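Participant:
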Amino acid sequence: RCFPEKAGLAYDLVLLDLMPVLREDKKAFAKALAELVARGLIGARWASHRGCFSLSDVIVWLSKVLKIDLTDKEVAWAVKLLEERGVLELDGKAGLIIIKPREEDLKAVMDLARERYAADRSGVNARLLSERFGWRGEYASAVISELVARHLLFPGPSRSGVGEDYYPPPEE
Numbered sequence: 012r013c014f015p016e017k018a019g020l021a022y023d024l025v026l027l028d029l030m031p032v033l034r035e036d037k038k039a040f041a042k043a044l045a046e047l048v049a050r051g052l053i054g055a056r057w058a059s060h061r062g063c064f065s066l067s068d069v070i071v072w073l074s075k076v077l078k079i080d081l082t083d084k085e086v087a088w089a090v091k092l093l094e095e096r097g098v099l100e101l102d103g104k105a106g107l108i109i110i111k112p113r114e115e116d117l118k119a120v121m122d123l124a125r126e127r128y129a130a131d132r133s134g135v136n137a138r139l140l141s142e143r144f145g146w147r148g149e150y151a152s153a154v155i156s157e158l159v160a161r162h163l164l165f166p167g168p169s170r171s172g173v174g175e176d177y178y179p180p181p182e183e
């Protein structure tokens, strides 16, 4: 889905039109930037198909969309607001913004885990998910962590003997 529905498009156009006025109020501007990132980069998957992106990616995208120069501080504040809302997670060490795992990605991983377990009793791991779906390792790890937190995958030894794989619960 790259194009918003009619109501979403109207909202986006009004928001874009208001940005120069909103810039005078730093708090309102940060909220508006956060909404654009949530709807454009994350919601429409324009830059989040790999599950992660950098702050500089966000700055470049927003600057192109808004046709204005933005500071790191303005965009960082917007990203922080999204983190507080639980939409994404900041990985300071890697300098990455990791989006919250999408339901369709969780379903795809569960389907893959069930297939692999049924075929040869093997599990899934972040490296496999990165190769299979084209995700960054950090996002693949976040997907696995979410499934473990929901008790849909369980850790176990890797068949290769290195690291840990994750397995679906046995079917009854």
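If you read the sequence shown in the numbering used here, its first letter stands for residue 12, the second for the next number, and so on.
Think of the CB as a built atom: it goes at the ideal place given N, C-alpha and C, for glycine as much as any other residue.
In this text, all values refer to a predicted model and were calculated from it rather than measured experimentally.
Could you tell me the alpha carbon to alpha carbon distance between residue 16 and residue 170, rounded to whole angstroms?
Facilitator: For residue 16, the predicted model reports a pLDDT of 48, less than 50, meaning its position is unreliable and no value from the coordinates is stated.
Participant: I believe residue 166 touches residue 175 by the beta-carbon criterion, under 8 Å. Please report the beta-carbon distance rounded to the nearest angstrom.
Facilitator: 5 Å
Participant: If we call anything under 9 Å between Cβ atoms a contact, is residue 74 one with residue 83?
Facilitator: no
Participant: Flag this pair as touching only if the stretch 135 to 144 and the stretch 119 to 126 have three or more C-beta atom pairs under 8 Å; answer yes or no.
Facilitator: yes
Participant: So if DSSP puts residue 175 in a beta bridge, which residue, or which two residues, is it bridged to?
Facilitator: 168
Participant: Quick one, are the C-beta atoms of residue 107 and residue 157 less than 9 Å apart?
Facilitator: no
Participant: For residue 62, count neighbouring C-beta atoms within 10 Å of its own C-beta (all shown protein chains included) and say buried if the count is 16 or more, exposed if not.
Facilitator: buried
Participant: Under DSSP, the beta strand (DSSP E) around residue 155 begins and ends at which residues?
Facilitator: Element bounds for residue 155: not the beta strand (DSSP E) but the alpha helix (DSSP H), 148 to 160.
Participant: With 9 Å as the threshold, decide whether the Cβ of residue 99 is near any Cβ in chain C.
Facilitator: Going by chain labels, chain C is absent from the structure shown, which holds only one protein chain.
Participant: How would you label residue 12, buried or exposed, when you count the other beta carbons within 10 angstroms and need 16 or more for buried?
Facilitator: Low confidence applies to residue 12: its pLDDT is 40, below 50, so where it sits in the model is not reliable enough to give any reading.
Participant: Return the chain-ordered list of same chain residues with a C-beta closer than 6 Å to the C-beta of residue 77, the five sequence neighbours on each side being excluded.
Facilitator: 30
Participant: Using a Cβ-Cβ cut-off of 6 Å (strictly less than) and excluding sequence neighbours within five positions of residue 125, which residues of its own chain qualify?
Facilitator: 179
Participant: If you follow the alpha helix (DSSP H) that residue 142 is in, where does it begin and where does it stop?
Facilitator: 137 to 144
Participant: Taking buried to mean at least 16 other C-beta atoms within 10 Å of its own C-beta, is residue 111 buried or exposed?
Facilitator: Answer is buried; the Cβ neighbour count reaches 16.
Participant: Would residue 39 be called buried (16 or more neighbouring beta carbons within 10 Å of its own) or exposed?
Facilitator: exposed
Participant: Closest to residue 50 by C-alpha separation, out of 151, 105, 163 and 99, would be which residue?
Facilitator: 99
Participant: Roughly how many angstroms separate the alpha carbons of residue 52 and residue 69, rounded to a whole number?
Facilitator: 8 Å
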